[in-house]
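Shown next, in structure tokens, is the structure this report addresses.
Protein chains in written order, with this note's numbering: chain X, 1 to 239; chain W, 240 to 331.
Right under this line is the structure:
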């Protein structure tokens, strides 16, 4: 089953339904599929939570995943884990499921479209000032742009934009390149070798989901903690 | 040689060079990064978790340069913006 042709660079170009101004393309449909699996799966599992000695195997899975993400977030943020955990955990789970479902024939990862990854990166772009301002106030957050001296202001602004672009293009490039490589390998060396590459693709998908979530957390942490670290240093110098 | 084949040839050659040279630098850089991380882990195995996390974040940063090159060469081969112009010229 071939959903996306080899010369189509993004699943946005696969239009399933056109109705006036509304266009339903493959990216949208598969994003809804992933969202549905996440939402209804979590609802089904958390409906029968137990605190007893025996827990169901699905609850066990969810507990492992949630506590794993929590500990990773705690390692970077050190405090306020509950504040950052919903955003970072959602990033990780959504991207992970998007990438892992690629072993199902006919499925095209929504993350192999630049629109999905750009949307996720824009969320990070706005989440960083949101958490920064809510943590240390508007004035202190804006002062961060003029550290160490005011000449650095344009570089800070440029850095904000370039890292958003990097976040989007990194995820898109990795997943899209993998799909194209498998498509090309199917023509050159069919049957066995593409299967090995598919297995490698699962690893790449996992690592990319991890990296996206960790980088988002690092950016947020740098906006909320930079001032504290600077204050710490000056206090040390004084002492 | 008409302008269409010049555009096709130039974009294919440029895509090849872009990928080849663009993979060279990040390859060397990632090698050095992994070397440094392995060295550090061998010296201090207790700090393995934070070293591995920093390594992955750093590798992702280095790798994104190679990914830019890849995206550029994919655009040159599959979604070349100059094709539309050339085809319109040839047609009209």
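Even glycine gets a Cβ: it sits at the ideal position worked out from N, Cα and C. Computed from a prediction, not measured in an experiment: that's the story for all the values here.
- Residue pairing by DSSP places residue 17 of chain X opposite X/24 in a beta bridge.
- Using a Cβ-Cβ distance cut-off of 8 Å, the region 248-258 of chain W and the region 195-202 of chain X are not in contact, since fewer than three pairs of beta carbons, one from each stretch, lie closer than that value.
- Nearest CB-CB separation between residue 326 of chain W and chain X: not below the 7 Å threshold.
- The DSSP-derived three-state label of residue 85 of chain X is helix.
- Cβ proximity to chain W below 8 Å picks out 166, 169, 170, 172, 173, 174, 176, 177 from the region 166-178 of chain X.
- When secondary structure is reduced to three states using DSSP, residue 192 of chain X falls in the coil class, being assigned neither helix nor strand.
- Counting only the Cα atoms, residue 314 of chain W lies some 13 Å from residue 323 of chain W.
- DSSP places residue 120 of chain X in the uninterrupted alpha helix (DSSP H) bounded by 114-143.
- Secondary structure remark: continuous alpha helix (DSSP H) runs of at least 4 residues inside the region 262-311 of chain W: none found.
- In the displayed model, residue 54 of chain X falls within coil according to three-state DSSP, outside both helix and strand.
- At least one CB of chain W lies nearer than 7 Å to the CB of residue 7 of chain X.
- In the displayed model, residue 320 of chain W falls within a helix according to three-state DSSP.
- C-alpha of residue 131 of chain X to C-alpha of residue 195 of chain X: approximately 43 Å in a straight line.
- When the beta-carbon positions are compared, residue 15 of chain X and residue 23 of chain X come within less than 7 Å of each other.
- Interface annotation for the region 208-228 of chain X against chain W: 208, 210, 211, 212, 214, 215, 218, criterion Cβ-Cβ distance under 9 Å.
- Secondary structure of residue 105 of chain X (DSSP, three-state): coil.
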